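In the working numbering, the protein residues as written are 1096 to 1184.
Beta carbons are placed, not taken as given, at the ideal position from N, Cα and C, and that holds for glycine.
Predicted model, so just to flag it, every value in this text is computed and none were measured.
Step one of this worksheet: look at the structure below.
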Amino acid sequence: MPLIVNYPKMIQPKTDDILLSVPDYMPTLLGVMGMENKIPKVVEGKNYADLFFDKPVNRPKKQLYFGVQKPILNRIPEGLERKTTHLPW
């Protein structure tokens, strides 16, 4: 998943093909802001902030992926009712 960071006072423009996953966003952004000590212990993501400062990082070999299948919109399972009209699909 792409991550675009605009922090010209601290980060030089670049691109990278690191396999970041959604859980890595929060700890990485806190790391970029110098707030590594604010990353909660329960966070499962990794802090890859060093990548933005041209320091070596332990690159992941896999990426977390979430897939969603489109439901049949006109069929609601028995016992359930539709609570929203703002479906994303």
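Asked: Separation of residue 1151 from residue 1110, as counted between CA atoms; Found: 15 Å
Asked: Cβ-Cβ separation, residue 1143 to residue 1112 (assumed contact under 8 Å), whole Å; Found: About 13 Å separates the two Cβ atoms, so there is no contact after all.
Asked: Own chain partners of residue 1121 with C-beta closer than 8 Å, once the 5 adjacent residues on each side are dropped; Found: 1134, 1138, 1140
Asked: Which listed residue (1136, 1101, 1114, 1097) has its alpha carbon closest to that of residue 1127; Found: 1101
Asked: Alpha carbon of residue 1132 to alpha carbon of residue 1145, nearest angstrom; Found: 15 Å
Asked: Whether residue 1098 touches residue 1115 by CB criterion (9 Å); Found: yes
Asked: Among 1123, 1156, 1148, nearest to residue 1107 - alpha-carbon criterion; Found: 1148
Asked: Extent of the continuous alpha helix (DSSP H) to which residue 1117 belongs; Found: 1117–1127
Asked: Collapsed DSSP secondary structure at residue 1109 in the structure displayed; Found: coil
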